[in-house]
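In what follows, a single structure is set out as structure tokens and then discussed.
Numbering (the numbering used here), first residue to last: 7 to 307.
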């Protein structure tokens, strides 16, 4: 289960209602149930964190897009108030209850501040080991998205930045970053093309892909009429998404499985490579050098 927005913490009563129904249902049938949440962090108080743990939410993704001035300009509250320090303090106060993973959305507008922001995380907040963080490329994935494509970084430019941030974390002893950087085989590229993977919006409409939430024309059905989902032409379309011939010839196919299916469908079947395709070799080198240093340190003991 993944609680996703808008802002899910505005609806703690709804989270409680659904969790109190789902958890006993799964336990009775010996089905493993766990959950995560994606939140802006403003309402991630200790009280709410304790409730989330009760409902088996173990991980939270929180977005911080820059230092105080930049973040407040990019991620204002509906009231227009600032959010930066409330979010930072909330993370500090709940990190012993819930694992926090900070997402930094990067585009050309905040590109030059990433070094200072990661310095803030590492040296001032002492984050990186107990509170993880990573950078993500801002993309325009839907028609409704108001992102200006000219503000988005090219994949190769973002890859260079990503590698630099990774090396910086390693230099400061944040070795857990290697767990995410090591290339691994995956059987499926995205849950959207898997049976029984659903995204449900506030009105009960069901989608296969997070990018489509809010676009009723791309809904595959409703939780109020579950029997019609398997007959949905849109659902069957997702179940039959093919991997392109270009991907089948690529040595990285076992790692990425053709990239994002939604982007591939919107690009006439042509794959859109993940940024990691540009850094696999460098990531392996980082892992190798770390293993060498670990072995040398062990031999000295």
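Ideal Cβ positions, reconstructed from N, Cα and C, are used throughout, including at glycine.
| Check | Outcome |
| --- | --- |
| Burial state of residue 301, where buried means 16 or more other Cβ atoms lie within 10 Å | exposed |
| Per-residue DSSP class, three states only, for residue 208 | coil |
| Classification of residue 67 by the beta-carbon crowding that lies within 10 angstroms, buried from 16 upward | buried |
| Residue closest to residue 271, alpha-carbon to alpha-carbon, out of 80, 147, 38, 229 | 147 |
| Opposing strand residues paired with residue 308 [DSSP bridges] | Beyond the ends of the chain as shown, which are 7 and 307, falls residue 308; an answer cannot be given. |
| For residue 195 and residue 267, believed in contact at Cβ under 8 angstroms, the rounded distance | 7 angstroms |
| Cut-off 8 angstroms between Cβ atoms - residues of its own chain near residue 293, not counting five sequence neighbours on either side | 184, 187, 188 |
| Spatially closest choice to residue 124 from 207, 190, 110, by CA coordinates | 110 |
| Simplified DSSP assignment, three categories, for residue 36 | coil |
| Residue 162 classed as buried or exposed, judged by whether at least 16 other C-beta atoms fall within 10 angstroms | exposed |
| Endpoints, the alpha helix (DSSP H) within which residue 74 is located | 74-80 |
| Start and end residues, beta strand (DSSP E) containing residue 43 | 41-45 |
| Rounded C-alpha distance that separates residue 74 from residue 108 | 15 angstroms |
| Beta-carbon proximity list for residue 90, same chain, < 7 angstroms, skipping 5 on both sides | 74, 77, 78 |
| Reference residue 222, options 88, 212, 229, 230, closest by Cα | 212 |
| Pair within 8 angstroms by beta-carbon distance, residue 224 and residue 182 | no |
| Three-way DSSP call (helix, strand, coil) for residue 193 in this model | coil |
| DSSP three-state assignment for residue 148, whether helix, strand or coil | coil |
| Inside the segment 266-303 only - beta strand (DSSP E) runs reaching at least 3 residues | none |
| For residue 214: DSSP bridge partner residues | Note: residue 214 sits in no beta bridge, so no partner. |
| Extent of the continuous beta strand (DSSP E) to which residue 87 belongs | That residue, residue 87, is in no beta strand (DSSP E); it is neither H nor E in DSSP. |
| Residue 253 vs residue 264 beta-carbon contact at 8 angstroms | yes |
| Rounded C-alpha distance that separates residue 8 from residue 305 | 44 angstroms |
| Every unbroken beta strand (DSSP E) within the segment 156-189, with a cutoff of 3 residues, ordered by chain | none |
| Whether residue 43 touches residue 58 by CB criterion (8 angstroms) | yes |
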